[in-house]
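Enquirer:
Number of protein chains: 4
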Amino acid sequence: MKYSHEKLMEEKVFKDPVHRYIHVRDRVIWDLIGTKEFQRLRRIKQLGTTYLTFHGAEHSRFNHSLGVYEIVRRIVDDVFVNRQEWKQEERLLSLCAALLHDLGHGPFSHSFEKVFNLDHEQFTQQIILGDTEVNAVLKKVAEDFPKKVAEVIAKTYANKLVVSLISSQIDADRMDYLQRDAYFTGVSYGHFDMERILRVMRPREEQVVIKQSGMHAVEDYIMSRYQMYWQVYFHPVTRSAEVILTKILHRAKYLSESGYTFAQEPVHFYSMFNGHVTLADYLKMDEAVMLYYFQCWENEEDAILKDLCSRFANRRLFKYVEFHPSNEQMNKLMELNTLFKKAGIDPEYYLVVDSSSDLPYDFYRPGEEEERLPIHLLKNNGEIRELSRESQIVDAISGKRRTDHKLYFPEDLLRDESTKKIVKRQIRRLLDLPE
Amino acid sequence: MKYSHEKLMEEKVFKDPVHRYIHVRDRVIWDLIGTKEFQRLRRIKQLGTTYLTFHGAEHSRFNHSLGVYEIVRRIVDDVFVNRQEWKQEERLLSLCAALLHDLGHGPFSHSFEKVFNLDHEQFTQQIILGDTEVNAVLKKVAEDFPKKVAEVIAKTYANKLVVSLISSQIDADRMDYLQRDAYFTGVSYGHFDMERILRVMRPREEQVVIKQSGMHAVEDYIMSRYQMYWQVYFHPVTRSAEVILTKILHRAKYLSESGYTFAQEPVHFYSMFNGHVTLADYLKMDEAVMLYYFQCWENEEDAILKDLCSRFANRRLFKYVEFHPSNEQMNKLMELNTLFKKAGIDPEYYLVVDSSSDLPYDFYRPGEEEERLPIHLLKNNGEIRELSRESQIVDAISGKRRTDHKLYFPEDLLRDESTKKIVKRQIRRLLDLPE
Amino acid sequence: MKYSHEKLMEEKVFKDPVHRYIHVRDRVIWDLIGTKEFQRLRRIKQLGTTYLTFHGAEHSRFNHSLGVYEIVRRIVDDVFVNRQEWKQEERLLSLCAALLHDLGHGPFSHSFEKVFNLDHEQFTQQIILGDTEVNAVLKKVAEDFPKKVAEVIAKTYANKLVVSLISSQIDADRMDYLQRDAYFTGVSYGHFDMERILRVMRPREEQVVIKQSGMHAVEDYIMSRYQMYWQVYFHPVTRSAEVILTKILHRAKYLSESGYTFAQEPVHFYSMFNGHVTLADYLKMDEAVMLYYFQCWENEEDAILKDLCSRFANRRLFKYVEFHPSNEQMNKLMELNTLFKKAGIDPEYYLVVDSSSDLPYDFYRPGEEEERLPIHLLKNNGEIRELSRESQIVDAISGKRRTDHKLYFPEDLLRDESTKKIVKRQIRRLLDLPE
Amino acid sequence: MKYSHEKLMEEKVFKDPVHRYIHVRDRVIWDLIGTKEFQRLRRIKQLGTTYLTFHGAEHSRFNHSLGVYEIVRRIVDDVFVNRQEWKQEERLLSLCAALLHDLGHGPFSHSFEKVFNLDHEQFTQQIILGDTEVNAVLKKVAEDFPKKVAEVIAKTYANKLVVSLISSQIDADRMDYLQRDAYFTGVSYGHFDMERILRVMRPREEQVVIKQSGMHAVEDYIMSRYQMYWQVYFHPVTRSAEVILTKILHRAKYLSESGYTFAQEPVHFYSMFNGHVTLADYLKMDEAVMLYYFQCWENEEDAILKDLCSRFANRRLFKYVEFHPSNEQMNKLMELNTLFKKAGIDPEYYLVVDSSSDLPYDFYRPGEEEERLPIHLLKNNGEIRELSRESQIVDAISGKRRTDHKLYFPEDLLRDESTKKIVKRQIRRLLDLPE
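Residue numbers (full-length UniProt numbering), protein chains in the order written: chain A, 1 to 435; chain B, 1 to 435; chain C, 1 to 435; chain D, 1 to 435.
The following block contains the structure:
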């Protein structure tokens, strides 16, 4: 039998707390899950440092990837199958792209990419197309199959319907992570009627559309997403941990470039520091490795690296105040900068502005930052209309970006009056900290 | 104000997926959570290798410890408070013991302890009594407070009622882990009406008792526990991962003792290998460190260490067959041992019998292995009766130990017919593997 | 002991699917639940005819009333107690008002009140103040206690804080029914984090306010409410059943006034027909009685009454089309009216426009229809701000009334071409019904 | 197209709180749901008087019937389809039998049948085979189709596999009611992993079997059932309401037979009283009708009927004490009987022994009361074994009948010392009531 059509003797079933069960019948999917590049996702948390705020959020990207696969499987096998707008030969491609879409994520992805100027999407492409176990499995399907999978994930694949299954404003990716992250954090947001949404999805040439009768379920989904962003993903305590993490990586890189002699040499990091990261280097990086180094670095001589690593490991995070980038506040920030230096606290590492920004939903504006496809409704008369034209609630919030800035600093150092008492008091007054 | 009575200005609340919220008002508890020994529990999974079977089971012992604390807090603050049999001065002691009862667990605790002959309970005692942040916080309450906390956890504390809150056949520890492990694995077992059980708990001199009216909820709890043991904790795939892990540690120790030169020196392991483990050594050990070494060891020269580490990281586990320790089967095992050697597969590492055994519930039999206190019911007339004398269901299963043996081996190696084809076929026939 | 302070020997606990348990310790509350006026609420469904759309919605107002009581109990006993802005002497009053607030509802309340021009709020007042078991219990607390309870429910009580617990835009009434109705219908809307909202409620002179930190939970609550209105409460199939019910009552009244001789005399209805309803008459009316008559009336001679009763009992409802009250559509409606008469289908009973309208949230506009108090947030600096000024989402939907009109008719009669074939075809064409 | 194969243009979906959605694609099923005999089930509660103990238990048999249908639909469409042991032509038969299996239930079925010596199973047969809307729909499928459906429900159908879907010790009936009754009462028992059980069901000639791998899920189901029986179905407060209901019907019958003149003539009951119940009479009986009479009878002259009806409507139930049918207790009962008469409280209506008894699970014992088929496991080697031979837990409870007797009486009357003070005190002493 052709490998692409090969079925397992007995269906494999994963117990999943979010979707109850994840079903695998295709030999290709089973083999992909068994590759070492996919198993590596077990060692990368789905929500990075969020577990320091919501202790339940310790779930990995492995979990999420299976979940996205399962949602796409249900769409194509239970809803699209036998519909003329759906080409059954895109089925396996869709499943593989869903399973592998996050394959290139690094440890604590957000900070990691920012500091080392890496892009997980590029690494996803490399893993799929390079000399890997994943590539070997995909190639057994067809010579050009890895390329197709990579294109779907890169959104360049010709059949936009397939692309839209995993990247639009209501795709399997988002539907899985909202529910999964809500489940593991335990927050009461993040719930919406996915079963209903799946049942009213219809394949159209350019994208998945949603039958009008499912509009309210979609409204609910959009509100869930909005709440999850501000309640979970942008939680200020998580951002504090993220700030510290970023500064650890910055410091290590700086020290390495300055010729500092590490007690624990950052072997795994050298290629990240010098900017020539091979796929093999990248794949060795996971959160266990990163935490191993942080533990070792708690004993380094460099006071800043040592302190930041200890803060991260032991959750001694920075505090924050609201910050609005007005002239007045920018002046205050510069003043604080000077005072921090006077107090012997390096502001480059200890005085950080962090911003978060989200667009709850948007209609399509080509060329703009958020280019994910908007949601389209299929009316009873066959007409297709963009969601915000039909939903009063969605229209009300559509295109309204919300941004939030905070200023982070180590309050404990500022409270320690054994040294620099006067300047620290000045700082505290400027930051409106209680006496 | 006395430190032991100090309350936080504003109650701290942790979002918890199992108990919804975990409430902290006591300064002592807040300070304990912030110690580095307690934060270390974030880097140790509650269920060790179970995540390789149930992918959701990635939660840490940090999670569980907060949960046990919260259950005891609800018992003492909502149920026991103002009852004459309860001494309010034991409140803080109970909370601290609940929070800290698992403090000494090592990474992948089960295998780790077995191979290195360590005992996490001893390390719990050392952390509480030794030179640690935890000890410093406890000592601020009273000079003898660390000792008391240690005694409660060691079950030697005079007030057995306090001890029974965290160690009996229905204690806060078990009630938390059953629910929590069910939640994160996603299995449908593990649910019982804890709220009901808490409401009918009553303090008595020697232990917590349960009002007769809660008997059915307790029966349900016992059945949940039974199911969780056989469905989750003793799952044969988890045991396979555990077998491999054990063998990795054995091999590394053996190599070290044999003078093998490691490419990645097992610095963190030396004291475990030589049996003189200081508290500082122990506390450095967490799962990130362990996984770091396993990754490095995938590149060692030693073929066995390398293979086992790769199996663990990439989830290429051993398969198993049922095994009953009869004469006949023991003979077969010896035969297999010989054949494995012939096939060039070292049976010491690749042919392993693993046994699991559980007692669903037991009345008290002093001196026997399972010494946890049995459950006592408080009848309406004030009489106290051991559970199995009242519950037909519990009586039916009481004291009935169930044991299960399995034989683990690497099926993939036995299938590889590039070498030793004939002997491998013999082995496969003996193991009843399909052709 | 004073009756108002009397506690039950043992707390009574009701198992409740929504709040898990409902706790009663006060003798007064226990006695009120045991009155026959309160037990009567078991024979009145919370959602009237909704069970014909959502089959799970068979729960009674008895359920909901206990739920509202429990929420207020949690607010006053767990959150407000010991706060200086809260007067403990208002506790029992608040609990009684919560429990009794819906006492005067009639069977299938909405239609019943409309047709007979009755007001359930007036009957609630009469039951509390009149010669009833409820009044007798309340009077045992204090001579003026029934009056106080009645005032809280009528919103005329001086202490507006107490009033706001059961009538504001975020009161115990709404919080219970949203969750309860979601639970019994099984829809996925209606969930919000009530536990969080309760914890951040604070008593202020004029009303309950919500701490700023709970704003997102409140946003979620408002969105839930919006979804429940349009997905459940205004569901067009439910409205169809409501239309038929209304027409049954209209017809029975009309027949009675026209001197028609009923086979089953509408004894229980006489006072409703003639407009002089005593409290005793009213209390005899429940849904069992109403359904009994409907069953009997299926055998009346009057074809319209007979048909409508049979439709209701056997769920042969009217179909509907969208209807916008434009000039054009009004003309069409008049045309349909004429054609229905020609077809021998009395349009007074068989051609009905029904409208629904809701305001998702509103700031306060005195004198306007929806006078429920808006929601106020308590900021960290002690300032109080109306919700829509702080929440972008709520501001976006605030004050935006949504209205929906539908035209109902018996499609089956129009399809029956055994008579009046031509005119029925005309009607169907006008209504855009498929051939 | 043949009616039996006709599909709805658009699948109909019912929102169900237990199974999330109930799916109907077959025209036959849709038409059956629309019959008046099926709609009548909306007016009969699934759990009779249980709502007086668990206020949430107000759900109807309509709900449950849809649920059983849905479970069978999932078994045959998702699990059995395409298996050779399954004959696809039995599909519609199975679905219809599942939907209609409870069609003949009367109001408050248990007491109603007992007093009037009726059998709901006989009426189910009559409705299916007689001159009804249900029969008309079934006959459109095939002339002998009603007979087949009736046979499946009567367990006389030749294909025992089909029978076992709705009547065995693990059938769709039980799986639905356990979950549904748990959901509506809100108890935490009644949960088990139905999805898992469905997935491991396999069709065999004589019955459904369960793959060995699902054994633990089945154990959990059996324990759930056990708990639901003793916690919910046999709850002593529910049995008290049942006792009163039975006595009302007895009294009304007795009065009617004695020539008593009713103010409200029991028209609907005449045929029940005289034992010649036609199908039409029976179908008119529902709980609305029954409650209507009870309300009227609260104003009858007969003191006993009046009192019992008022007790039922207003939940003034009997209290109970444990009762063991020993010689000693039987003597006590006779003594009480005499004393009740002396006290002017008719023991025939006011002193009642009620017994409950359940067998948690049983292997097959032909000819005995509980003849439902036992559960069989399908082992990996193809062997089929009765459950209790494989499961230690099930073996422990198998065949162990548990029985419970209680003695019910009106404590309020015994406390009223305005008359017969001395004899009432004697009674209270005999019953061990607190002074």
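C-beta atoms are modelled at their ideal positions from N, C-alpha and C, and glycine is treated no differently.
Among C/Leu118, C/Leu100, C/Lys139, C/His101, whose alpha-carbon lies nearest the alpha-carbon of C/Phe108?
Expert: C/Leu118
Enquirer: Only counting runs of 4 or more residues, tell me where the alpha helix (DSSP H) segments fall wholly within the segment 325-397 of chain D, in order along the chain.
Expert: 327-343, 347-350, 392-397
Enquirer: Within the 8 Å Cβ cut-off, does B/Ser356 reach chain D?
Expert: no
Enquirer: Exposed or buried, which one is residue 440 of chain B when buried takes at least 16 other CB atoms within 10 Å?
Expert: Since the displayed chain B opens at 1 and closes at 435, residue 440 of chain B lies outside it and no answer follows.
Enquirer: What's the C-alpha gap between A/Thr278 and B/Arg180?
Expert: In a straight line, the C-alpha of A/Thr278 is about 40 Å away from that of B/Arg180.
Enquirer: For A/Arg83 and chain D, any beta-carbon pair shorter than 8 Å?
Expert: Not an interface residue.
Enquirer: Quick one: which chain D residues come within Cβ less than 8 Å of A/Arg20?
Expert: Glu195
Enquirer: Starting from D/His216, find everything on chain B with Cβ-Cβ shorter than 7 Å and list it in chain order.
Expert: Gln227, Trp230, Gln231
Enquirer: If you draw a straight line from the C-alpha of D/Lys253 to the C-alpha of C/Leu8, how long is it?
Expert: Distance between D/Lys253 and C/Leu8, taken at the CA atoms: about 40 Å.
Enquirer: Could you tell me how far apart the beta carbons of A/Phe184 and A/Ala288 are, in whole angstroms, since I believe they sit closer than 8 Å?
Expert: Not quite, the Cβ-Cβ distance comes to about 19 Å (not below 8 Å), so this is no contact.
Enquirer: Determine whether the beta carbon atoms of C/His64 and C/Tyr177 lie at a separation below 8 Å.
Expert: yes
Enquirer: On the CB-based measure, 16 or more other CB atoms within 10 Å of its CB, does B/Ser355 come out buried or exposed?
Expert: With fewer than 16 Cβ atoms within 10 Å of its Cβ, B/Ser355 is classed as exposed.
Enquirer: Taking a cut of 7 Å between CB atoms, which residues from the segment 13-40 of chain D lie near chain B?
Expert: none
Enquirer: Starting from B/Ala396, find everything on chain D with Cβ-Cβ shorter than 7 Å and list it in chain order.
Expert: When 7 Å is used as the limit between beta carbons, B/Ala396 is near these residues of chain D: Ala396, Ile397, in chain order.
Enquirer: Write down the C-beta distance between A/Arg73 and A/His23 rounded to the nearest angstrom, noting that I regard them as a contact closer than 8 Å.
Expert: 7 Å
Enquirer: Does the beta-carbon of C/Asp432 have 16 or more other beta-carbons within 10 angstroms, so that it is buried, or is it exposed?
Expert: exposed
Enquirer: Can you name the start and end residues of the beta strand (DSSP E) that A/Lys12 belongs to?
Expert: 7-16
Enquirer: Can you name, in chain order, every residue of its own chain whose Cβ lies under 8 Å from the Cβ of D/Cys296, other than the five neighbours on each side?
Expert: The beta carbon of D/Cys296 lies closer than 8 Å to those of Ala263, Gln264 in the same chain, with the five residues before and after it left out.
Enquirer: Pairs of beta-carbons, one from the segment 37-52 of chain C and one from the segment 139-148 of chain C, closer than 8 Å: are there three or more?
Expert: no
Enquirer: Output, in chain order, the set of chain C residues within a Cβ distance shorter than 7 Å of A/His191.
Expert: Simply Ser188, His191.
Enquirer: Going by DSSP, what residue range makes up the alpha helix (DSSP H) through B/His405?
Expert: Here B/His405 belongs to no alpha helix (DSSP H); instead the beta strand (DSSP E) covers 402-409.
Enquirer: Three-state secondary structure (DSSP) at D/Asp416?
Expert: coil
Enquirer: Quick one: using the 10 Å Cβ neighbour count with 16 as the cut-off for buried, is B/Ala182 buried or exposed?
Expert: buried
Enquirer: By Cβ distance below 7 Å, which residues in the same chain neighbour B/Glu300 in space, the five residues on each side in sequence not counted?
Expert: The answer, listed in chain order, is Phe262, Ala263, Lys306.
Enquirer: Using a beta-carbon distance below 8 Å, is D/Glu369 in contact with chain C?
Expert: Legend: pLDDT at D/Glu369 = 47, less than 50; position of this residue unreliable, no value from coordinates given.
Enquirer: Nearest to D/Leu138 by alpha carbon, out of D/Glu113, D/Trp30, D/Arg401, D/Asp16?
Expert: D/Trp30
Enquirer: Interface residues of chain B around D/Ile170 at Cβ under 9 Å?
Expert: Per Cβ cutoff of 9 Å: no residues; D/Ile170 is ~16 Å from chain B at best.
Enquirer: With DSSP collapsed to three states, give me the class of C/Val277.
Expert: coil
Enquirer: Quick check: the Cα distance between D/Glu133 and D/Lys36, rounded to an integer number of angstroms?
Expert: 7 Å
Enquirer: Touch check for the segment 120-132 of chain A and the segment 74-86 of chain A: three-plus C-beta pairs under 8 Å?
Expert: Contact check between the segment 120-132 of chain A and the segment 74-86 of chain A: fewer than three CB pairs, one atom from each, fall below 8 Å, which does not count as touching.
Enquirer: Candidates B/Ile244, B/Lys114, B/Arg415, B/Gln207: which alpha carbon is nearest B/Ile384's?
Expert: B/Gln207
Enquirer: Write down every uninterrupted run of the alpha helix (DSSP H) in the segment 238-291 of chain A whose length is 4 residues or greater and which is fully enclosed by it, in chain order.
Expert: 270-274, 279-284
Enquirer: Using a beta-carbon distance cut-off of less than 9 Å, what residues from the segment 60-72 of chain C approach chain D?
Expert: Ser60, Phe62, Asn63, Leu66
Enquirer: Where does C/Ala217 land, buried or exposed, given buried means 16+ other C-beta within 10 angstroms?
Expert: buried
Enquirer: Quick one: is D/Ala303 buried, meaning 16 or more other Cβ sit within 10 Å of its Cβ, or exposed?
Expert: exposed
Enquirer: Name the two residues that bound the continuous alpha helix (DSSP H) containing D/Ser173.
Expert: Per the sequence presented here, residue 173 of chain D reads as Asp, with Ser not at that position. 172-185 is the span of the alpha helix (DSSP H), which, as asked, contains D/Asp173.
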